[in-house]
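> Shown below is the structure under consideration.
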Amino acid sequence: MTTRRTVAALALVWLSVVLEAGSAAQSPQRIISLVPALTEMLFTIGAGPQVVAVSSYDEDPPQVKLLPRVGALLDPDVERILSLKPDLVITYGSQMDLHAQLARAGIPMFDYRHGGLAAIADTLRALGVRTGHPREADTAARDIEARLAAIRTRTAGSPRPRTLLVFGRERGALRNIYASGGRGFLHDMLEAAGGANIFADIDRESVQATTELILARAPEVILEVRSTDILSREEAEREAASWRPLASVPAVRQHRVVVLTGKGLTVPGPRVAEVVARMADALQ
10 MTTRRTVAAL
20 ALVWLSVVLE
30 AGSAAQSPQR
40 IISLVPALTE
50 MLFTIGAGPQ
60 VVAVSSYDED
70 PPQVKLLPRV
80 GALLDPDVER
90 ILSLKPDLVI
100 TYGSQMDLHA
110 QLARAGIPMF
120 DYRHGGLAAI
130 ADTLRALGVR
140 TGHPREADTA
150 ARDIEARLAA
160 IRTRTAGSPR
170 PRTLLVFGRE
180 RGALRNIYAS
190 GGRGFLHDML
200 EAAGGANIFA
210 DIDRESVQAT
220 TELILARAPE
230 VILEVRSTDI
240 LSREEAEREA
250 ASWRPLASVP
260 AVRQHRVVVL
270 TGKGLTVPGP
280 RVAEVVARMA
290 DALQ
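Read the sequence shown against the working numbering and you will find it ends at 293, with the numbers running on by one and no gaps.
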């Protein structure tokens, strides 16, 4: 009986190895990514060697700087994409013309659409399955989920300050202010970090916030994130001081204006748990 069970167990192991080898053989080996967040995911799950080109805006991880550039969301270079003979192109859901051209050429696509915070782990897993790295992707997704759960637990008993989350503004001025609305991953990140979004009632991902609107909403914390306009510590302090004209806003009056700067702060990718932890520290 023991021998039969051993033989059966070995047969199952052998079958698993064969299936995984077959899956790897069928996995795409020439991937082009037009989505920076998913480029980071590919390298995180071990699919980096399969990537042959990236978008014009890809910066991370450092390896992508050596890869060809093929345009981006609004200007994909279709001729260059086709010349690289990809067997998978990662596209945005809104790139309908590109989808039609790739379909005519018989090139498979992975269609990415923006979602909330939970969608990041879901996308990681789906990308892992599609590229032949399901185990690595599931491990990365579980790590993100565990770290986010730990942050939520840590902040659960603390007050939830009414927070304005700004992701765009003119340097040194209170003009062209763009803030998180009540939908999307930035809103979800703020909530996970222990803040209460002052624009939670606005069912959009972004709000162009005038100073009058900010005065009316009276945030207790103003949290800015700068991921493309990287600032030194001194520059960040000067940008925080730009809010002084709104002295009647509680966040300004109580000196609770924080500017976070660094790559990846607004990218819905593998570093999201690190960003939420920084937000939590700033709020608490």
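Here a beta-carbon is modelled for each residue, glycine too, at the ideal position from N, C-alpha and C.
With DSSP run on the structure shown, which of helix, strand or coil describes Arg253?
Residue state, collapsed to three classes: coil.
> Need the endpoints of the beta strand (DSSP E) that Leu136 sits in, please.
Looking at the DSSP string, Leu136 is not in any beta strand (DSSP E); the run it does join, the alpha helix (DSSP H), is 127-140.
> Any contact between the stretch 84-104 and the stretch 38-51? By contact I mean 3 or more CB pairs, one from each, below 8 Å.
Taking 8 Å as the limit for Cβ pairs, the verdict is that the stretch 38-51 does touch the stretch 84-104.
> Excluding the 5 residues flanking Pro85 on each side, which residues of the same chain have their C-beta closer than 7 Å to its C-beta?
Same-chain partners within the cutoff: Leu43, Val79, Gln104, Leu107.
> Whose CA, out of Gly125, Gly177, Ala56, lies closest to the CA of Thr237?
Nearest C-alpha to Thr237: Gly177.
> Return the CA-CA distance between Trp252 and Gln110, expressed in angstroms with no decimal places.
When rounded, the distance between both Cα atoms is 47 Å.
> Does the separation of the CB atoms of Met198 and Val266 fall below 9 Å?
No, the pair does not count as a contact, with Cβ atoms beyond the cut-off.
> Report yes if the CB atom of Ala146 is closer than 9 Å to the CB atom of Arg156, and no otherwise.
Taking 9 Å as the Cβ cut-off, Ala146 and Arg156 do not qualify as a contacting pair.
> Would His196 be called buried (16 or more neighbouring beta carbons within 10 Å of its own) or exposed?
Buried: at least 16 other Cβ atoms inside 10 Å.
> Does DSSP put Ile54 in a helix, in a strand, or in coil?
Coil.
> How about Val230 and Leu183: are their beta carbons less than 9 Å apart?
No, they are not a contact pair.
> Can you list, in chain order, the residues of its chain with a C-beta nearer than 7 Å to that of Arg287? Leave out the 5 residues immediately preceding and following it.
Leu269.
> Looking only at DSSP bridge pairs, what is Thr270 linked to?
Per DSSP, Arg235.
> With burial defined as no fewer than 16 other Cβ atoms inside 10 Å of the residue's Cβ, what is the status of Thr53: buried or exposed?
Buried is the call here.
> Counting along the chain, where does the beta strand (DSSP E) carrying Ser215 start and finish?
215-217 is the extent of the beta strand (DSSP E) around Ser215.
> Could you have a look at Val276 and say whether DSSP puts it in helix, strand or coil?
In this structure, Val276 counts as coil in the three-state DSSP scheme.
> Alpha carbon to alpha carbon, how far is Gln263 from Val138?
Going by the C-alpha atoms only, they are around 49 Å apart.
> I need the DSSP call for Ala245, collapsed to helix, strand or coil.
If DSSP states are grouped into helix, strand and coil, Ala245 belongs with the helices.
> Kindly list the residues whose CB is nearer than 6 Å to the CB of Glu360, restricted to its own chain and excluding five residues on each side of it in sequence; keep chain order.
Limits of the chain in this structure are 10 at one end and 293 at the other, which puts residue 360 out of reach.
> How many angstroms separate the CA atom of Val60 from the CA atom of Arg151?
Going by the C-alpha atoms only, they are around 24 Å apart.
> Should Val170 be labelled buried (16 or more other beta-carbon atoms within 10 Å of its own) or exposed?
Note that residue 170 corresponds to Pro in the displayed sequence, not to Val. Pro170 comes out buried.
> Does the beta-carbon of Ile239 have 16 or more other beta-carbons within 10 angstroms, so that it is buried, or is it exposed?
So Ile239 ends up on the exposed side.
> For Val63 and Glu49, I'd like the C-alpha separation in whole angstroms.
About 11 Å.
> Near Leu255, which residues of its chain fall below 8 Å by C-beta distance, leaving aside the five closest residues on each side in sequence?
If we look at Leu255 and ignore the five residues flanking it on each side, its Cβ neighbours are Leu183, Thr220, Ile223, Leu224, Val261.
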